[in-house]
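As you go down the protein sequences, you meet chains A and B in turn. Residues in the first sequence are numbered consecutively from 1347, following the working numbering. Residues in the second sequence are numbered consecutively from 1347, following the working numbering. From the three backbone atoms N, C-alpha and C, an ideal C-beta is built for every residue, glycine too. Reading through the structure tokens given below for one structure.
Protein chains: 2
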Amino acid sequence: MFESAELGHSISKAQYEKEVPILREELLEAQLDLRQCGKFQVIVLIGGVDGAGKSETVKILNEWMDPRYIETNAMSASSEEELAHPAMWRFWRALPPRGKIGIFFGSWYTEPIINRVNRRIKVPDFDQAMEQIIHFENMLCDEGALILKFWLHLSKEAQKNRLKTLEKDPDTRWRVTEAEWEHFKLYDKFRKVSSRALTLTSTAEAPWIIVEGTDPRFRYMTIGRNILSALKKRLEGGGHRPVSQAPPALPPIDNKFLLKSLDFSQSMSKKAYEKELDKYQRKLNLIVRNRKFKKLSVILVFEGFDAAGKGGAIRRIAGALDPRTYRIIPIAAPTEEEKAQPYLWRFWRHIPKKGDFTIFDRSWYGRVLVERVEGYCSEADWMRAYREINDFEEQLIRNGSALIKFWLSITKEEQLKRFKEREKTSFKHFKITEEDWRNRKNWDKYEIACGDMIDRTSMELSPWTIIEANDKYFARIKILKQVCSRIEEVF
Amino acid sequence: MFESAELGHSISKAQYEKEVPILREELLEAQLDLRQCGKFQVIVLIGGVDGAGKSETVKILNEWMDPRYIETNAMSASSEEELAHPAMWRFWRALPPRGKIGIFFGSWYTEPIINRVNRRIKVPDFDQAMEQIIHFENMLCDEGALILKFWLHLSKEAQKNRLKTLEKDPDTRWRVTEAEWEHFKLYDKFRKVSSRALTLTSTAEAPWIIVEGTDPRFRYMTIGRNILSALKKRLEGGGHRPVSQAPPALPPIDNKFLLKSLDFSQSMSKKAYEKELDKYQRKLNLIVRNRKFKKLSVILVFEGFDAAGKGGAIRRIAGALDPRTYRIIPIAAPTEEEKAQPYLWRFWRHIPKKGDFTIFDRSWYGRVLVERVEGYCSEADWMRAYREINDFEEQLIRNGSALIKFWLSITKEEQLKRFKEREKTSFKHFKITEEDWRNRKNWDKYEIACGDMIDRTSMELSPWTIIEANDKYFARIKILKQVCSRIEEVF
């Protein structure tokens, strides 16, 4: 969930000072258009970890726009009057009317998340609370509201540093109370619970936009630009409720993508590789022959750039297994029969029963990768797919599957090198097609799509493992190790 | 939920024999169009109580249409292979491709309902299972599928009679096993659980259509016509996924409406009335002064035809209470301020806190009554309102409200009499407006809308009470009694 928000995003002072005046002007203009249109209201939620700059952000938004048409609601603990009413009453009271922007600093998410972190409610009750929130937000969207949900994130280290900095400054010291340090102790729990909340409630109608909170300039500009872009898009359509719902979040304005920040220098010597390969293949073989394995199924998913070495990695895993015990499912374009069904149907066909070991060479993630990038499905279709995929994978996991997902990443230069090599080597020649060259042209789009995919579909029990695959030896061993350890965890 | 499906619906043999050939021909034609269009599949679920004719219905549908393009799936207990896969796997396998009709006799609802009836799962797990089903069905709809869900209902008496009749006939005896009689013993539980299932999963995308199962002719024709109408409507739009989703169910083909089958002869003498009025007003007064009442709030909702006596009944309740302890909220057209908000906002404003007693003279049900009938909102808007209202009322009840809902019904003749009387009596004159006469012209539409409303929003903890109000004395006492007994139940 938070992978892309721990990359150390930042904006230079120069860029900020150049771009903010333009952004402010455009925001003011859009706000005026919103008032004149009067067909919908904008509901902005600012949530996130303590110390990530929520209150400063609210303050900046009020400075940047016309505060007369913004209603800011700081929702802290409920008053006695509020407690005597149904829980949602105080939020209904605070809804902005059409034509206005309502900023909620603390929201309907706060209480369920805090209650779950403190173990005051159980997982099913928490999930139920999230479903109620989805109903509520869907209803608001159906009634025309534009909902923008921002989650300000800090890594554990960054949160600690920030709290300390705030404490040192006499002007801000008052803001760091014991409650903040208590929260900090619960960082890991809070991260886990809020990750689940965000995953469950990132609907096509109102997806979460996760913003790294470390650098104030980056934070303000990201939020400001996302508000502006969503508002303009809606106003362009005359303010009517769009069929395809919310627009996706803008790509990071500092151009720092998850896939760009990998350490591709990691490598392994041939000798070390051969030793490790032998070790982990043996290990995997033993695990699969364990009696416990009968009650389990393993599903491996391989995605990655063309020529990143998926095939080679898959062969090294297969090499550890009895050919009767595994199946490799290569996913290409759907057949006519498959096209006549909902897109997940062709994967359900191959879902293993208990005791099976299935390797998907490409997968259902095609929906949010190639289909998104090439425009084979509409924006609304791939936006809803994240949630459908999460639902799908939850069913697999609940049935006792170990689901292990790999993204094999290489650099653009490395890909070119491999393409050229393959063209030279005749027996690999068939592997380079027109399509590969076309995909390569869309490299940047794939980087964005892949970042969104990893952020939105890394659930606690089905996390993505990103493989730095410029060095094949390193990549294959990292994959084998991960397969072994994940299966052992599920046992 | 099942109010309208216990009226003894039936179709004469003559009408059936006249209309079925036409219906069959049209169904065949629509089926052919579906194949040629090939843009969507039709998924027909046939659920309901044992003995309501599910299997005969499936047989008839196969006779009426071209069975080569129908896939019938009888989903009984899972096979060993199915148990080794995730629960939904068997349904995915059975999905019809685009261009075809898939009939599911037993479906993804069967297991959660049976498990809940047998107490194998708890309420939160059951609710969660229903949410999962909603996700699944929404996904199918988003993928283009047309889902038609029919629930065949029998009253307890009718189910018993039918099981006995089947048992007597040697040709059908085999179908009544001990399992059926065991189920029958659980009738009340089954009714309660399935009522909750149907309420939770009647979404705007795939609402349930409840069909009384007693008369086979009525049952077949109702289902056949609903399939035909939904199919034709979708094909008219070129087969594309509609924005406003599923069409509402057709009104009962025998024209037997809930409100038409009330017993309006019930009455009460003035003397008896005065005695009872005194008795129940005293009782209500005592209840409200009880200390326990501090933790409770009471919400009364009055809906009904114009001149049905809502005002008079409300005054008799108010007469029992200390004026400082209650509020009457008359609901008229929304103000400008209210129009700028989601439609439920203006009711949330008046939601009482604990210890309050609030009487709504008309209510949020205007959305599915006047707004539906007059076309003030779109079909999609009032279709989704049932669920939104159920969500809303669940929040009130969870907060400790006793929610008591009355529909005051009079006959069309009685209304005319009262209108004319009011026009004569000068001090009541102001009460008859142009609007009243216009509403009267839409009488039949209100009857349909009201029947749908009662069927779809009578939850276990917020049932509707229908008041036969041709006799005012009888009506007022029935209301007072009900108010007292519901509050006592919630205590």
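Helix, strand or coil for serine 1615 (chain A) per DSSP? Coil, per DSSP.
What does a CB cutoff of less than 8 Å around aspartate 1600 (chain A) pick up in its chain, not counting 5 residues either side in sequence? Excluding positions up to five away in sequence, the list reads His1355, Ser1356, Ile1357 and Phe1564.
Cutting at 6 Å between CB atoms, please list the residues of its own chain near leucine 1807 (chain B), excluding the five before and the five after it. For leucine 1807 (chain B), where only same-chain residues beyond five positions count, the Cβ hits under 6 Å are Ile1743.
Are the stretch 1409 to 1425 of chain A and the stretch 1469 to 1484 of chain A in contact at 8 Å, needing three or more beta carbon pairs? no
Within its chain, find whatever has a CB closer than 7 Å to the CB of histidine 1696 (chain B); leave out the 5 residues flanking it on each side and keep chain order. Ile1675 and Thr1704
From lysine 1656 (chain B) to proline 1443 (chain B), what distance separates their C-alpha atoms? 53 Å
What do you reckon, are the CB atoms on leucine 1509 (chain B) and glycine 1397 (chain B) nearer than 8 Å? Yes, they are a contact pair.
Whose C-alpha, out of A:Pro1688, A:Ala1821, A:Ser1755 and A:Cys1830, is nearest the C-alpha of phenylalanine 1386 (chain B)? A:Pro1688
Does the CB of tyrosine 1689 (chain B) have a neighbour CB from chain A at under 8 Å? The C-beta of tyrosine 1689 (chain B) comes closer than 8 Å to at least one C-beta of chain A.
Who are the neighbours of glutamate 1483 (chain B) on chain A, taking C-beta pairs under 8 Å? Residues of chain A passing the Cβ test: none, with the nearest at roughly 11 Å.
Listed in chain order, which residues of the stretch 1419 to 1440 of chain A have Cβ atoms closer than 8 Å to some Cβ of chain B? Glu1427, Ala1430, His1431, Pro1432, Ala1433, Met1434, Trp1435, Trp1438 and Arg1439
Cβ of glutamate 1717 (chain B) less than 8 Å from any chain A Cβ? At a cut-off of 8 Å between C-beta atoms, glutamate 1717 (chain B) does not count as an interface residue with respect to chain A.
Counting only beta-carbon separations shorter than 8 Å, does alanine 1543 (chain A) have a partner in chain B? no
I need the straight-line Cα distance from alanine 1543 (chain A) to alanine 1550 (chain A), nearest angstrom please. Answer to the nearest angstrom: the Cα atoms are 15 Å apart.
When the Cα atoms are used, what is the spatial distance from threonine 1560 (chain B) to methionine 1729 (chain B)? 27 Å
Alpha-carbon spacing of lysine 1506 (chain A) relative to valine 1469 (chain B), whole angstroms: 41 Å
Near aspartate 1652 (chain B), which residues of its chain fall below 6 Å by C-beta distance, leaving aside the five closest residues on each side in sequence? Asp1782 and Asn1785
Taking CB distances under 8 Å as the criterion, tell me whether glutamine 1474 (chain B) reaches chain A. yes
Quick one: list the residues of chain A neighbouring asparagine 1745 (chain B), beta-carbon separation under 9 Å, in chain order. Ala1430, His1431, Pro1432, Ala1433 and Trp1435
Contacts around threonine 1671 (chain B), its chain only, beta-carbon distance under 7 Å, and the 5 residues preceding and following it disregarded: Val1634 and Phe1703
Chain A contacts from the stretch 1451 to 1473 of chain B (Cβ-Cβ distance under 9 Å): The stretch 1451 to 1473 of chain B vs chain A, Cβ under 9 Å: Lys1468, Pro1470, Asp1471 and Asp1473.
With 16 other CB atoms within 10 Å as the buried threshold, where does arginine 1465 (chain A) fall? exposed
Specify, as a first and last residue, the run of the alpha helix (DSSP H) that glutamate 1734 (chain A) falls within. 1725 to 1744
Look at glutamate 1793 (chain A) and phenylalanine 1610 (chain A) and say whether their C-beta atoms are less than 8 Å apart. no
Can you tell me which of A:Pro1367, A:Leu1577 and A:Trp1753 puts its alpha carbon nearest to the alpha carbon of arginine 1381 (chain A)? Among A:Pro1367, A:Leu1577 and A:Trp1753, the Cα nearest to that of arginine 1381 (chain A) is on A:Leu1577.
Option nearest aspartate 1817 (chain A) by Cα separation, candidates A:Arg1661, A:Tyr1619 and A:Glu1528: Residue A:Tyr1619 holds the alpha-carbon nearest to the alpha-carbon of aspartate 1817 (chain A) among A:Arg1661, A:Tyr1619 and A:Glu1528.
Going by DSSP, which residues form a beta bridge with phenylalanine 1703 (chain B)? B:Val1644 and B:Tyr1672
Which partner residues does histidine 1499 (chain A) have in the DSSP bridge list? A:Glu1558
Check whether the stretch 1508 to 1522 of chain B and the stretch 1615 to 1631 of chain B are in contact - that is, three or more C-beta pairs closer than 8 Å. Counting C-beta pairs with one atom in each stretch, the stretch 1508 to 1522 of chain B and the stretch 1615 to 1631 of chain B have fewer than three that are closer than 8 Å, which means they do not touch.
Beta carbon proximity, proline 1367 (chain B) to chain A, threshold 8 Å: no
May I ask you to report which of helix, strand or coil DSSP gives alanine 1433 (chain B)? coil
Inter-residue Cα distance where the pair is glutamate 1823 (chain A) and asparagine 1736 (chain A): Note that residue 1823 (chain A) is isoleucine in the sequence shown, not glutamate. The alpha-carbon atoms of isoleucine 1823 (chain A) and asparagine 1736 (chain A) are separated by roughly 28 Å.
Please report whether the beta-carbon of aspartate 1668 (chain A) lies at a distance below 8 Å from any beta-carbon of chain B. no
For glutamate 1734 (chain A), count neighbouring Cβ atoms within 10 angstroms of its own Cβ and tell me buried if that reaches 16, exposed if not. buried
Taking alanine 1664 (chain B) as the reference, give the member of B:Leu1646, B:Lys1359 and B:Lys1405 with the closest Cα. B:Leu1646
Coil, strand or helix - lysine 1468 (chain B) by DSSP: coil
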